[in-house]
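*Asks:* Taking the working numbering, the leading residue of the sequence shown gets 15, the next gets one more, and so forth.
Cβ coordinates follow ideal geometry from the N, Cα and C atoms, glycine included.
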Amino acid sequence: MSPPPPPLRTVICVGDIHGHISKLESLWANLQAALPAGAFATALVVFLGDYCDRGPHTREVLDFLIALPARHPAQRHVFLCGNHDLAFAAFVGALQPPPDGSPFSSTWDEYIHNEEHEGWYRGPGHEGMHAQGRRWGGIIKEGRNQKRGSPYMGSIYDAQPTFESYGVAHGSPDLLKAVPEEHKRFLRDLVWIHEEENMPIDTDEGQIICKLIAVHAGLERSMDLDEQFRVLRTKNTKVSKVAMLSGRQDVWDIPKDLAGKQTTVISGHHGKLYMDGLRFIIDEGGGYGYKPIAAIVFPSKELVRSTEGTTSQN
15 MSPPPPPLRT VICVGDIHGH ISKLESLWAN LQAALPAGAF ATALVVFLGD
65 YCDRGPHTRE VLDFLIALPA RHPAQRHVFL CGNHDLAFAA FVGALQPPPD
115 GSPFSSTWDE YIHNEEHEGW YRGPGHEGMH AQGRRWGGII KEGRNQKRGS
165 PYMGSIYDAQ PTFESYGVAH GSPDLLKAVP EEHKRFLRDL VWIHEEENMP
215 IDTDEGQIIC KLIAVHAGLE RSMDLDEQFR VLRTKNTKVS KVAMLSGRQD
265 VWDIPKDLAG KQTTVISGHH GKLYMDGLRF IIDEGGGYGY KPIAAIVFPS
315 KELVRSTEGT TSQN
């Protein structure tokens, strides 16, 4: 007789953290308390991206995440790249070069009309920087983000708190020296997509086994699916702006080509909780100080939230 298949492990997907260390610590403690010890100890934990910006403690968040494999050696940890993380990596020289050997400056053209308005970074090293790094380290002239209803924090990416967490002023080239090499390595190693076969999900009709696709914003409905996977799997930094990491409406739904194929798509990014069939968006916090960070646990689809570190909304 062949041996029985190994038990399906618990899968935890953690929403955007955005520099909020006390919320991350609280969420982690709440997950540990909510799950059976064995399930937590051996879980696959997928972090959905956006570890930096908006909150005050990006440096501490990265320290926490980097330490997890040593603290929980029986877990598997996947760290997805968010659009904020890509831009942070671009600024500090931790972005892998385009596979065709083209310079990062070739990414400027598509959005160069925004350079003046967004106050792109023009300091030392900008000549060889990806467009998103220049946007991230720039100083936006507009005071208020109308869409979010809050002031910009330094740049279009709200990057000022990240600079300050490393002890330097926003937009300073000194950040390249202030960020430790292990943080740059963490940023360089972030994956743009995670695919996992045989993930169990509880439904009203019983438990089903799905393929999990985790990507920060989602999969584009108007772009060829094979091309999306190629860009994501190879981390193609020739792309000026990666729609699957930064898009909004066009990445909301599961692409038609995947419909009916027992495939679940899980993302963060959108500042919302959304669960419809096999499409999950887990980003309750959105970087706001007064909102919790949420995680979802499979197969049960239980939501677990941080209970510390939130502030009152003004």
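Could you pull the start and end residues of the alpha helix (DSSP H) that Thr248 belongs to?
*Replies:* Segment 239 to 248, the alpha helix (DSSP H) holding Thr248.
*Asks:* Check this for me: beta carbons of Gly301 and His71, under 8 Å apart or not?
*Replies:* No, these two residues do not count as a Cβ contact at 8 Å.
*Asks:* When you compare each of Ile154, Val279, Ile295 to Lys286 by their alpha carbons, which one comes out closest?
*Replies:* The shortest C-alpha separation from Lys286 is found at Ile295.
*Asks:* Taking all protein chains shown into account, decide if Tyr304 is buried (16 or more other Cβ within 10 angstroms of its Cβ) or exposed.
*Replies:* Tyr304 is exposed by the Cβ-count criterion.
*Asks:* Considering only DSSP beta bridges, list what Leu226 is partnered with.
*Replies:* Leu226 pairs with Glu210, Thr278.
*Asks:* Residues in the same chain with beta-carbon distance under 6 Å from Lys155, minus the five sequence neighbours each way, listed in chain order, please.
*Replies:* Cβ within range, chain order: Gly133.
*Asks:* Just mark Pro83 as buried or exposed, buried being the case when its beta carbon has 16 or more other beta carbons within 10 Å.
*Replies:* Its Cβ having fewer than 16 others within 10 Å, Pro83 is exposed.
*Asks:* Grab the span of the alpha helix (DSSP H) containing Met167 for me, first residue to last.
*Replies:* Per DSSP, Met167 belongs to no alpha helix (DSSP H) and is neither H nor E.
*Asks:* With DSSP run on the structure shown, which of helix, strand or coil describes Thr217?
*Replies:* It is a strand residue.
*Asks:* Which first and last residues belong to the alpha helix (DSSP H) in which Arg202 is found?
*Replies:* Taken as a continuous stretch (DSSP letters only), the alpha helix (DSSP H) holding Arg202 covers 195 to 203.
*Asks:* Spatial neighbours of Ala43 within its chain, please: C-beta separation below 7 Å, excluding the five flanking residues on both sides.
*Replies:* Nothing listed; no residue qualifies.
*Asks:* What residue range does the beta strand (DSSP E) around Ala81 cover?
*Replies:* Unbroken run through Ala81 is the alpha helix (DSSP H), 72 to 85; no beta strand (DSSP E).
*Asks:* Here's the rule I'm using: 16 or more other beta-carbon atoms within 10 Å means buried, otherwise exposed. How should Thr217 be labelled?
*Replies:* Counting Cβ neighbours within 10 Å, Thr217 comes out exposed, since fewer than 16 surround it.
*Asks:* Cα separation between Glu39 and Leu58?
*Replies:* Rounded to the nearest angstrom, the two C-alpha atoms are 18 Å apart.
*Asks:* On the premise that Val60 lies in contact with Cys27, defined as a C-beta separation below 8 Å, what is that separation, rounded to the nearest angstrom?
*Replies:* Right, the Cβ-Cβ distance comes to about 5 Å (below 8 Å), so this counts as a contact.
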